[in-house]
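Notes for the one structure printed next.
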Amino acid sequence: MYRISEFSQITGLSKETLRYYAEVKLLEPAYIEPSNNYRYYDVGSYFFAKKVKDKSTIYFNRLRRSTNSLHRVRSRSDDSMERRYHDCSSYR
């Protein structure tokens with residue numbers, strides 16, 4: 034069993050992220066010590082955490098790509114609108 038700090042180092046997930054995942058019941062500790070509320074994770078938790086991290090990385094990479102695409106579209110749209118404005122202003 035690994036304490037949260039050890040598990041955080043092993044998985045690359047921050048302690049805050051692990052606490053949040055426990056709160057939303059995505060990845061709960063295998064055991065919580067009643068006397069001090071220390072969270073303990075087991076090997077099964079490791080494999081699940083790895084899967085969650087891999088999926089979130091894929092998701093955020095896709096999100097980042099789509100956001101970059103939207104920024105390019107917006108930039109092109111802004112350029113196009115500016116050109117149209119300048120073209121129209123010559124008729125004044």
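This note's numbering puts the sequence shown at residues 34 to 125. Heads up, the beta-carbon is just placed ideally off N, CA and C, and yes, glycines get one too.
Per DSSP, reduced to three states, the secondary structure at residue 64 is strand. Excluding the 5 residues flanking it on each side, residue 41 has same chain C-beta neighbours closer than 7 Å at 47, 48 and 51, in chain order. Each residue's CA atom was taken as its position, placing residue 39 and residue 45 some 10 Å apart.
In this structure, residue 72 places its C-beta atom within 8 Å of the C-beta atom of residue 37. Of the candidates 61, 87 and 85, the residue whose Cα lies closest to the Cα of residue 75 is 61. Non-local beta-carbon contacts of residue 86 in its own chain, meaning distances under 7 Å to residues more than five positions away in sequence, involve 44, 45 and 46 in chain order.
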